[in-house]
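Heads up: the sequence lines are chains A and B, in that order. For the first sequence, counting from 1, position 246 maps to 246 in the numbering used here; every step adds exactly one. To convert a position in the second sequence, counted from 1, into the numbering used here, add 1000. For every residue, glycine included, the Cβ atom is placed at its ideal position computed from N, Cα and C. Just so you know, these numbers come straight off a predicted model, no measurement behind them. Below: the structure, in structure tokens.
Protein chains: 2
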Amino acid sequence: MHSFQELSKQFSGHFNIKHFPEKPASLYEPADYFLGIGGKRIRPVMCLMGNELFDTITPDAYHVATAIELFHNFTLIHDDIMDKAPLRRGMETVHTKYGESTALLAGDVMLIQAYEQLNKVQNHFHKVLQVFNKTAREVCEGQQIDMDFEKMDLVQLDDYLNMIELKTSVLIAASLQLGAILGGAGEGNAKHLYEFGRNLGIAFQVQDDYLDAFGDPEKFGKQVGGDIMANKKTFLLIHALSVASPAQQSELKDLMENNPADKVVKVLEIFKQCGVDAWAKDLKDKYIDVALQHLEDIAVVSVRKKPLRELADFLVQRDY
Amino acid sequence: MHSFQELSKQFSGHFNIKHFPEKPASLYEPADYFLGIGGKRIRPVMCLMGNELFDTITPDAYHVATAIELFHNFTLIHDDIMDKAPLRRGMETVHTKYGESTALLAGDVMLIQAYEQLNKVQNHFHKVLQVFNKTAREVCEGQQIDMDFEKMDLVQLDDYLNMIELKTSVLIAASLQLGAILGGAGEGNAKHLYEFGRNLGIAFQVQDDYLDAFGDPEKFGKQVGGDIMANKKTFLLIHALSVASPAQQSELKDLMENNPADKVVKVLEIFKQCGVDAWAKDLKDKYIDVALQHLEDIAVVSVRKKPLRELADFLVQRDY
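Pasting the structure below:
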């Protein structure tokens, strides 16, 4: 069994090659540029881990892991266009550097290249493609729903959860599941692994929302309150709006509309008055517990699950 | 054997279903809307014709034909964004009606849905996916190169030909080839059919450029001179610039820069002085001849080729 770190290194060695032809450089240089700015490659490594949970890692798992990472990068390039994001991981986004039309096409060829990788798969091919397509569609749905939410004043928690699932969790879940399928896992085990990933993904997003508001800037490594400044719908804001008193509600709305200098401090005060911080911790713990129960329920010897338990601890920590 | 018209009717019956789920409607209604505005469905029907050239049409051919039409619509939605086109077939484009971000995602799910159709294919699966992916990549390359050309003063004929091949011809060629592969055609026959389509596609584009300048507005059904007004690089302009005298060259450039009221008339005069009209007819005939020779070289009885010969006559006519 390999740890996340070991597999991460192995995957990088495999993935850090040229994925596109030389010409036309006006199309493929932007695509290569974006792959070059890196990332944690969490999803493809999860595919390898899902595979190794059941068997020795197969070449097919590397093909699917590569396809997953290419797909993920396709979504990032297109999301950055939609979000008009100037930077990603401190580097210029593709559309900032090369223009929107080229970014659009660079994303398109990245998606096509993902399918080219899938075409190398020898076993369980149709099942793999089916899961991949379903997940790909869901990620697009999540992005659309997220954009729909931006135009809405009020979003219900269930709807937000559904969006997060589609936009973030299903790809994590499917990465594990695809590895499991390639490892010969039965339906039941593969489903449990999927649910482990799906719940872990939601817990991770709750944590992300929490840290943006309540995180220690030094430990967290980025400015606190960004979501609040941008009036971003988060688990915290949605919950706060649903439990706040009429007075707190109108103060929140006032702060969001008028953006005073002390907006972050004031919003955090209301969040704390509403017990949003404790609620978010509980919510995260709830999803971690469900995730770990699904991992527990997979019918393989416990020692094989160790890397996935460690990964869960690494991604979502109970101490904040 | 079926004619293009018969297969077109059969394909429409097969294709005119709902291709997407109900929800989220904000994503799938735009996708369905675009499919609903129709089109001649030439490419998928060519896939069926390529299939029937070798065998009775298989269910697989319908799956691939559907994938091709979905792919083609994906390229149209994204091209319309890049070209900022307000209308397509007299209807609002997706980005005009629903916004650019939604159009981007609607194109993405259209491409994913094409692969979902391909996943239904039972035989020759990997070969089909390989040809499809290669062609998809090439079409993106063609669009990028076309955009690159817009920023250039001078384009060489060979480079323009290469762009047209990628942007237009390869999908026509691959549609026929995919049908042939599914019909059990050997490498050689499939290759000849591909070349038939590739050369026919180029002839079609030469004709399109020709008609925009020299076509009879009543027969042609649209305003003549649109390409000239927009300074669009076409076979005609590229050839004219390469054979014109220094005086004609500077007059052409002057007309393109200053857009006088009599621009179309004046440019057409220079085109005629340079013999561009006769040259274009010859060029078209050359590609038709090569195309028909490849059709001739396919080792099946001549009677099976009749629908494809008729299609060639229908798409590219020698009388203009």
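(request) State the CB to CB distance for the pair residue 1147(B) and residue 12(A), rounded to an integer number of angstroms; the pair is presumed to be in contact (CB under 8 angstroms). (result) Position 147 of the second sequence, counted from the first residue, corresponds to residue 1147(B). Position 12 of the first sequence, counted from the first residue, corresponds to residue 12(A). The distance from the Cβ of residue 1147(B) to that of residue 12(A) is about 33 angstroms, inconsistent with a contact at the 8 angstroms cut-off.
(message) Please list, in chain order, the residues of the stretch 1086–1113 of chain B that have any C-beta partner in chain A closer than 7 angstroms.
(response) 1101, 1102, 1104, 1105, 1108, 1109, 1111, 1112
(message) Three Cβ pairs or more, each shorter than 8 angstroms: is that satisfied between the stretch 1167–1179 of chain B and the stretch 1041–1060 of chain B?
(response) yes
(message) Quick check: is the beta carbon of residue 1169(B) nearer than 9 angstroms to any beta carbon in chain A?
(response) Here residue 1169(B) refers to the residue found at position 169 when the second sequence is read from its first residue. It does not; no Cβ of chain A falls within 9 angstroms.
(message) In the DSSP output, which residue or residues are listed as bridge partners for residue 1163(B)?
(response) Counted from its first residue, the second sequence places residue 1163(B) at position 163. None; residue 1163(B) has no bridge partner.
(message) Give the list of continuous alpha helix (DSSP H) stretches no shorter than 4 residues that lie fully inside the stretch 1095–1141 of chain B.
(response) 1100–1118
(request) Just grab the DSSP bridge partners of residue 1087(B) for me. (result) Residue mapping note: residue 1087(B) aligns to position 87 of the second sequence, counting from 1. Per DSSP, 1092(B).
(message) Is it the case that the stretch 232–239 of chain A contacts the stretch 145–164 of chain A, given that we only count it when at least three CB pairs across the two stretches are under 8 angstroms?
(response) yes
(message) residue 104(A) and residue 73(A) - do their beta-carbons sit closer together than 9 angstroms?
(response) Along the first sequence, read from residue 1 onward, the residue named residue 73(A) stands at position 73. Along the first sequence, read from residue 1 onward, the residue named residue 104(A) stands at position 104. No. Outside cutoff.
(message) Considering only the alpha carbon of each residue, which of 238(A), 271(A), 296(A), 18(A) lies closest to residue 156(A)?
(response) Counting from 1 along the first sequence, the entry for residue 156(A) is found at position 156. The residue from 238(A), 271(A), 296(A), 18(A) with its alpha-carbon nearest to that of residue 156(A) is 238(A).
(message) Assuming the contact rule is C-beta atoms closer than 8 angstroms, residue 1061(B) and residue 1186(B) should be a hit. Round their C-beta distance to whole Å, please.
(response) Mapped onto the second sequence, residue 1061(B) falls at position 61. Mapped onto the second sequence, residue 1186(B) falls at position 186. Not really, about 17 angstroms apart at Cβ, beyond 8 angstroms.
(request) Report all residues from its chain with a CB closer than 7 angstroms to the CB of residue 71(A); omit the five preceding and five following residues, and keep chain order. (result) By one-based count along the first sequence, residue 71(A) stands at place 71. If we look at residue 71(A) and ignore the five residues flanking it on each side, its Cβ neighbours are 111, 114, 136.
(request) Identify whether residue 1022(B) lies in helix, strand or coil by the three-state DSSP scheme. (result) Locating residue 1022(B) in the second sequence gives position 22, where the first residue counts as 1. Residue 1022(B): coil per DSSP, three-state reduction.
(message) Quick check: what's the CA-CA separation for residue 218(A) versus residue 210(A)?
(response) Translated into positions along the first sequence, residue 218(A) becomes position 218. Translated into positions along the first sequence, residue 210(A) becomes position 210. So the two alpha carbons sit approximately 15 angstroms from each other.
(request) Establish whether the CB of residue 68(A) and some CB of chain B are separated by less than 9 angstroms. (result) By one-based count along the first sequence, residue 68(A) stands at place 68. For residue 68(A), the answer is no, since every Cβ of chain B falls outside 9 angstroms of its Cβ.
(request) If I'm right that residue 206(A) touches residue 121(A) with Cβ under 8 angstroms, what's the distance once you round it to whole angstroms? (result) Here residue 206(A) corresponds to residue number 206 of the first sequence, with the count starting at 1. Here residue 121(A) corresponds to residue number 121 of the first sequence, with the count starting at 1. Contact doesn't hold; Cβ gap of about 34 angstroms is too wide.
(message) Am I right that residue 300(A) and residue 53(A) are in contact with their C-beta atoms under 8 angstroms? What's the rounded C-beta distance?
(response) Translated into positions along the first sequence, residue 300(A) becomes position 300. Translated into positions along the first sequence, residue 53(A) becomes position 53. 6 angstroms between Cβ atoms; contact.
(message) When you compare the CB positions of residue 240(A) and residue 252(A), do they come within less than 9 angstroms of one another, or not?
(response) The sequence position of residue 240(A) within the first sequence is 240, counting from 1. The sequence position of residue 252(A) within the first sequence is 252, counting from 1. Result yes, Cβ atoms of residue 240(A) and residue 252(A) sit closer than 9 angstroms.
(message) Taking 9 angstroms as the threshold (beta carbon to beta carbon), is residue 140(A) in contact with chain B?
(response) Translated into the one-based positions of the first sequence, residue 140(A) becomes position 140. Yes, because at least one Cβ of chain B sits closer than 9 angstroms to the Cβ of residue 140(A).
(request) Could you say which of 183(A), 203(A), 212(A) lies nearest to residue 59(A) if we only look at CA atoms? (result) For the purposes of this step, residue 59(A) is identified with residue 59 of the first sequence, where counting begins at 1. Nearest option by C-alpha distance: 183(A).
(message) Could you check whether residue 1015(B) and residue 1069(B) sit closer than 9 angstroms to each other, using their CB atoms as the reference points?
(response) Numbered from 1 along the second sequence, position 69 holds the residue referred to as residue 1069(B). Numbered from 1 along the second sequence, position 15 holds the residue referred to as residue 1015(B). Their beta carbons are under 9 angstroms apart, which means residue 1069(B) touches residue 1015(B) by this criterion.
(message) Do residue 1142(B) and residue 1167(B) count as a contact pair if the criterion is CB distance below 9 angstroms?
(response) What you label residue 1167(B) is simply residue 167 of the second sequence in a count that begins at 1. What you label residue 1142(B) is simply residue 142 of the second sequence in a count that begins at 1. Closer than 9 angstroms, so yes.
(message) Output needed for residue 91(A): all residues of its chain with C-beta closer than 8 angstroms, excluding positions within five of it in sequence on either side, in chain order.
(response) Within the first sequence, the letter at position 91 stands for residue 91(A). Excluding sequence neighbours, residue 91(A) sits near 37.
(request) Give the secondary structure of residue 1258(B) by DSSP, where H, G and I count as helix, E and B as strand, and everything else as coil. (result) Your numbering for residue 1258(B) matches position 258 in the second sequence. Helix at residue 1258(B).
(request) Classify residue 321(A) as helix, strand or coil using the three-state DSSP reduction. (result) Outside the shown range of chain A, which is 1 to 320, sits residue 321(A), and nothing can be said about it.
(message) To be precise: take each residue of the stretch 9–25 of chain A, compare its Cβ to all Cβ atoms of chain B, and keep it if any distance is under 7 angstroms. Which residues remain?
(response) 24
(request) Give a yes or no on whether the C-beta atoms belonging to residue 200(A) and residue 288(A) are separated by under 9 angstroms. (result) In the first sequence, residue 200(A) corresponds to position 200, counting from 1. In the first sequence, residue 288(A) corresponds to position 288, counting from 1. In this structure, residue 200(A) sits near residue 288(A), with a CB-CB distance shorter than 9 angstroms.
(request) Have a look at 294(A), 5(A), 75(A) and flag the residue whose alpha-carbon is nearest the alpha-carbon of residue 191(A). (result) Translated into the one-based positions of the first sequence, residue 191(A) becomes position 191. Of 294(A), 5(A), 75(A), the residue nearest in Cα terms is 294(A).
(request) Give the range of the alpha helix (DSSP H) segment to which residue 47(A) is assigned. (result) Here the question's residue 47(A) lines up with position 47 in the first sequence. From DSSP, the alpha helix (DSSP H) with residue 47(A) extends over 42–52.
(message) Quick check: residue 224(A) and residue 264(A), are their CB atoms within less than 9 angstroms of each other?
(response) Translated into positions along the first sequence, residue 224(A) becomes position 224. Translated into positions along the first sequence, residue 264(A) becomes position 264. Closer than 9 angstroms, so yes.
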